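The numbers in this note's numbering rise by one with no breaks, and the one at position 212 of the sequence shown is 237.
Just so you know, even glycine gets a beta-carbon here, dropped at the ideal spot from N, CA and C.
Just so it is clear, the structure is predicted and the values come from calculations on it, not from any experiment.
Structure, as structure tokens:
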Amino acid sequence: MSTDDESFHPLGQEWEGELEEMLDDTEYDTDLGMQMAQDAMRVTKGELSEAEFHEMYHEDVMEEFGEDQRPTKEAFEAAQEEAKGTVSRMLSAFDGDGEESRRDVMKKMGVGAAAVGMGAFGSTIDGQPSLAEEGEGHGGGHSQAEQNEDLQWGMTIDLERCDGCLSCMEACASENDLDQGVNWMYVMAFEDELTSGGSPAPDNIVGGTSDHNMLVRPCQHCTDAPCEKVCPTTARHTRDKDGLVLTDYDVCIGCRYCQVACPYGVNYFQWDEPDVAHEDINGYDGAEVDDPSEITHADYENGTERWVDSRSPRGTMSKCTMCPSMQDGRQGEDRVGTTACERACPPDAIQFGNVKDEHSDAYQHGEHPSKSRAIIEINNDVPDPETVDEQLSDGDDLETVLENEELDLDAEVVSIMKAIGIVSERLGPGDEENNSILEGEETILESLDALEQYVDLESEEVLTELRLGGGEEDDANARLREFAGNPSSKFKLLEDIGTHPNITYIGQEPGPEAEQVEGPSEYSDISYERSDGSEVDLVDKRQEILDEGTVGDVGWSL
Numbered sequence: 026m027s028t029d030d031e032s033f034h035p036l037g038q039e040w041e042g043e044l045e046e047m048l049d050d051t052e053y054d055t056d057l058g059m060q061m062a063q064d065a066m067r068v069t070k071g072e073l074s075e076a077e078f079h080e081m082y083h084e085d086v087m088e089e090f091g092e093d094q095r096p097t098k099e100a101f102e103a104a105q106e107e108a109k110g111t112v113s114r115m116l117s118a119f120d121g122d123g124e125e126s127r128r129d130v131m132k133k134m135g136v137g138a139a140a141v142g143m144g145a146f147g148s149t150i151d152g153q154p155s156l157a158e159e160g161e162g163h164g165g166g167h168s169q170a171e172q173n174e175d176l177q178w179g180m181t182i183d184l185e186r187c188d189g190c191l192s193c194m195e196a197c198a199s200e201n202d203l204d205q206g207v208n209w210m211y212v213m214a215f216e217d218e219l220t221s222g223g224s225p226a227p228d229n230i231v232g233g234t235s236d237h238n239m240l241v242r243p244c245q246h247c248t249d250a251p252c253e254k255v256c257p258t259t260a261r262h263t264r265d266k267d268g269l270v271l272t273d274y275d276v277c278i279g280c281r282y283c284q285v286a287c288p289y290g291v292n293y294f295q296w297d298e299p300d301v302a303h304e305d306i307n308g309y310d311g312a313e314v315d316d317p318s319e320i321t322h323a324d325y326e327n328g329t330e331r332w333v334d335s336r337s338p339r340g341t342m343s344k345c346t347m348c349p350s351m352q353d354g355r356q357g358e359d360r361v362g363t364t365a366c367e368r369a370c371p372p373d374a375i376q377f378g379n380v381k382d383e384h385s386d387a388y389q390h391g392e393h394p395s396k397s398r399a400i401i402e403i404n405n406d407v408p409d410p411e412t413v414d415e416q417l418s419d420g421d422d423l424e425t426v427l428e429n430e431e432l433d434l435d436a437e438v439v440s441i442m443k444a445i446g447i448v449s450e451r452l453g454p455g456d457e458e459n460n461s462i463l464e465g466e467e468t469i470l471e472s473l474d475a476l477e478q479y480v481d482l483e484s485e486e487v488l489t490e491l492r493l494g495g496g497e498e499d500d501a502n503a504r505l506r507e508f509a510g511n512p513s514s515k516f517k518l519l520e521d522i523g524t525h526p527n528i529t530y531i532g533q534e535p536g537p538e539a540e541q542v543e544g545p546s547e548y549s550d551i552s553y554e555r556s557d558g559s560e561v562d563l564v565d566k567r568q569e570i571l572d573e574g575t576v577g578d579v580g581w582s583l
């Protein structure tokens, strides 16, 4: 689906129309939600200031919701002390339990209770986007609050390594106890006017299927998120310490304005009671906990826990969270700096980390994709330095190395080891979390250094045999590109609208006329287990499940 001049939304006029129909089914003002979303995107583009945006809608938001806690910079700073802890204190003071009780509290606070009576009846859309115009550019967005200048969690996703196995979707759904069809991580194959399919990654690289162009779509965790600008209650907020854009389920009223304002179509509304009850969430990967809040309440604001992780309760919005319980160390220090989808990806197409740290996997793969791919491919094939010392002697040559069965090296692996040594900045992995690429590089360099104590890898004859030209950095980079592929492009989705997404993509960028096509894996062939022991199949679209509980077909659009 392409965009057009008549639509403010990056996903096009048809998508915008379905969003409008969706708001018509809620108790909230449709026109207000649509106009706020349009102007929120004007803010990210630099066409409207935060203060102007707040002033334009303050009275209307107060009239509709009974409060206006939108986290625009100026408004948030002015109201922060007065509003601090109000919602949490009132909810804590209320002697009740269950979702309906929570909604009653929110009503008493003057902010309504969205869609509580809607039951299983679905809207026309629930967060699955079409592939729309997603161009390059450099937006001028900024953070909403004083962010940690040294930490921003994000991803680099190598689309040329993605083989469409759907393992990331399976892991995400299982990790977060998601209802069937609620795909916080979504994998799709596409074709467009630019290409009919096919990845330029070479055959020796894991993944990089030659039959499909892939797009992997989690929430982009924008530094300047329009969805946050339109939220009347601060439920949708950016976490100061690490830049994650999260939803406080205890504060969300389900108005769905965030869904309209999101340029990427990643939000889901929880229509009915979740398939897994809160009391049945007993930890991730079988971990036993006494209280589900130990894993689901993973954000802190002014000393108060906020429930932002795992599946959402009825009547609230949800989306990809980038696993805050992992980032907060609640699943062990070894999982800080990782996500469920990254850990599950067989071809290592997803690299998560601190995008501001040059040592992180996300940074390294984005800046040096050919080298990073090569490290991933050969890291397990190099001998340790002790084995090299045991097997080689001074004066040995390359032929001796290649014939040694204990070293188990071939000319290509030695060539790539040497190429990595030539181009490496020898940063070392540093002290931050999830720096496995530089850890792998360090392992390779240690083996290379041990090898070069005994074998001359600098001679013209050896460099020629290793296909490294004159041994210069340009020659080494060309060799790495030959081995690991030269990515067709590096891009961020809709970067030109100024949201500053924190997902970088390596590979084919979808064009304006891109359309989803049948991928290499069937969703129904993949199942996941939830913490209550139930097992369900993946479903491409949530609407397919919602329609089963409705009379007739309410429709769906890609």
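At the level of alpha carbons, what is the spacing between residue i and residue j?
{"i": "Ala-170", "j": "Gly-391", "result": "No answer about Ala-170 holds up, because its pLDDT of 44 lies below 50 and its placement is not dependable."}
{"i": "Val-301", "j": "Arg-281", "result": "22 Å"}
{"i": "Ser-397", "j": "Gln-389", "result": "7 Å"}
{"i": "Arg-451", "j": "His-79", "result": "48 Å"}
{"i": "Glu-584", "j": "Gly-453", "result": "Here the chain has residues from 26 to 583 only, and residue 584 is not among them."}
{"i": "Leu-176", "j": "Thr-272", "result": "20 Å"}
{"i": "Tyr-82", "j": "Pro-535", "result": "35 Å"}
{"i": "Cys-366", "j": "Cys-348", "result": "9 Å"}
{"i": "Asp-382", "j": "Glu-507", "result": "28 Å"}
{"i": "Glu-46", "j": "Glu-520", "result": "27 Å"}
{"i": "Glu-89", "j": "Ser-350", "result": "34 Å"}
{"i": "Glu-124", "j": "Thr-321", "result": "For Glu-124, the predicted model reports a pLDDT of 46, less than 50, meaning its position is unreliable and no value from the coordinates is stated."}
{"i": "Gln-541", "j": "Phe-215", "result": "4 Å"}
{"i": "Tyr-293", "j": "Leu-491", "result": "52 Å"}
{"i": "Arg-587", "j": "Ser-337", "result": "Within the shown structure, residues of the chain are numbered from 26 to 583, placing residue 587 beyond reach of any answer."}
{"i": "Cys-283", "j": "Asp-188", "result": "31 Å"}
{"i": "Pro-299", "j": "Leu-73", "result": "39 Å"}
{"i": "Asp-334", "j": "Asn-327", "result": "18 Å"}
{"i": "Gly-378", "j": "Ala-399", "result": "19 Å"}
Determine the closest residue to residue i out of the options, with distance taken between C-alpha atoms.
{"i": "Ile-584", "options": "Ile-401, Cys-244 and Ala-436", "result": "Any answer about residue 584 is impossible in this case: the structure gives the chain only from 26 up to 583."}
{"i": "Pro-410", "options": "Ser-440, Thr-272 and Thr-468", "result": "Thr-468"}
{"i": "Val-413", "options": "Val-380, Asp-422, His-393 and Tyr-479", "result": "Tyr-479"}
{"i": "Asp-249", "options": "Glu-75, Asp-421, Ile-445 and Arg-331", "result": "Glu-75"}
{"i": "Pro-545", "options": "Asn-238, Glu-41 and Leu-57", "result": "Asn-238"}
{"i": "His-246", "options": "Pro-288, Ala-214, Lys-566 and Trp-332", "result": "Pro-288"}
{"i": "Ala-286", "options": "Thr-258, Gln-568 and Gly-58", "result": "Gly-58"}
{"i": "Asp-500", "options": "Asn-459, Lys-517, Glu-538 and Gly-446", "result": "Gly-446"}
{"i": "Trp-209", "options": "Glu-218, Asp-217 and Ala-198", "result": "Ala-198"}
{"i": "Asp-267", "options": "Val-380, Gln-376, Leu-44 and Gly-189", "result": "Val-380"}
{"i": "Cys-360", "options": "Asn-460, Asn-429, Tyr-325 and Arg-331", "result": "For clarity, residue 360 is Arg in the given sequence; the question names Cys instead. It is Asn-460 whose Cα lies nearest to the Cα of Arg-360."}
{"i": "Cys-193", "options": "Thr-363, Asp-324 and Glu-498", "result": "Thr-363"}
{"i": "Lys-344", "options": "Gly-71, Ser-484 and Arg-567", "result": "Arg-567"}
{"i": "Glu-92", "options": "Thr-258, Lys-70, Leu-191 and Glu-41", "result": "Thr-258"}
{"i": "Lys-70", "options": "Pro-512, Met-342, Phe-33 and Ala-399", "result": "Phe-33"}
The alpha helix (DSSP H) spanning residue i covers which residue range?
{"i": "Trp-40", "result": "38-49"}
{"i": "Phe-215", "result": "No alpha helix (DSSP H) holds Phe-215; the beta strand (DSSP E) holding it covers 211-216."}
{"i": "Val-438", "result": "436-448"}
{"i": "His-393", "result": "Looking at the DSSP string, His-393 is not in any alpha helix (DSSP H), and its letter there is neither H nor E."}
{"i": "His-83", "result": "75-90"}
{"i": "Met-61", "result": "55-69"}
{"i": "Met-194", "result": "192-201"}
{"i": "Gly-465", "result": "461-477"}
{"i": "Leu-240", "result": "That residue, Leu-240, is in no alpha helix (DSSP H); its beta strand (DSSP E) goes 238-242."}
{"i": "Arg-331", "result": "It is not in any alpha helix (DSSP H) - Arg-331 instead sits in the beta strand (DSSP E) that spans 329-332."}
Where do the ends of the beta strand (DSSP E) carrying residue i lie?
{"i": "Ser-553", "result": "A quick correction: the sequence has Tyr, not Ser, at residue 553. That run of the beta strand (DSSP E) goes 552-554."}
{"i": "Phe-377", "result": "375-379"}
{"i": "Val-270", "result": "270-272"}
{"i": "Gln-356", "result": "That residue, Gln-356, is in no beta strand (DSSP E); it is neither H nor E in DSSP."}
Would you grab the beta carbon distance between residue i and residue j for me? Rounded to a whole angstrom, and I think it's under 8 Å.
{"i": "Arg-67", "j": "Cys-256", "result": "No, Arg-67 and Cys-256 are not in contact; Cβ-Cβ is about 17 Å, not under 8 Å."}
{"i": "Gly-532", "j": "Glu-185", "result": "4 Å"}
{"i": "Ala-444", "j": "Arg-504", "result": "5 Å"}
{"i": "Asp-265", "j": "Asn-173", "result": "6 Å"}
{"i": "Asp-557", "j": "Asp-316", "result": "Their Cβ separation, rounded to whole angstroms, is 16 Å, which puts Asp-557 and Asp-316 out of contact at 8 Å."}
{"i": "Cys-190", "j": "Pro-371", "result": "6 Å"}
Once you ignore the five residues that flank residue i on each side, which residues in its own chain have a CB closer than 8 Å to its CB?
{"i": "Ser-552", "result": "Glu-195, Glu-560, Val-561, Asp-562 and Leu-563"}
{"i": "Ser-472", "result": "Val-407, Pro-408, Asp-409, Pro-410, Val-413 and Met-442"}
{"i": "Thr-529", "result": "Gly-179, Met-180, Thr-181, Ile-182, Val-380, Ala-387, Gly-391, Lys-515, Phe-516 and Lys-517"}
{"i": "Glu-415", "result": "Glu-431"}
{"i": "Ser-318", "result": "Glu-330 and Trp-332"}
Sorted by chain position, which residues of the same chain lie with C-beta nearer than 6 Å to residue i's C-beta, five sequence neighbours on each side aside?
{"i": "Phe-101", "result": "Its pLDDT being 48, under 50, Phe-101 is placed unreliably by the model, and the measurement read from it follows with that caveat. No residues qualify anywhere along the chain."}
{"i": "Ala-260", "result": "Thr-272, Asp-273, Val-276 and Cys-277"}
{"i": "Ile-403", "result": "Val-438 and Ile-441"}
Among residues of its own chain, excluding the 5 on either side of residue i, which ones have a beta-carbon nearer than 7 Å to its beta-carbon?
{"i": "Glu-569", "result": "Gly-206"}
Are there any heavy atoms of the ligand ADP lying less than 8 Å away from the beta-carbon of residue i, as far as the coordinates show?
{"i": "Leu-434", "result": "Of ligands this structure carries none, so the ligand ADP is not represented either."}
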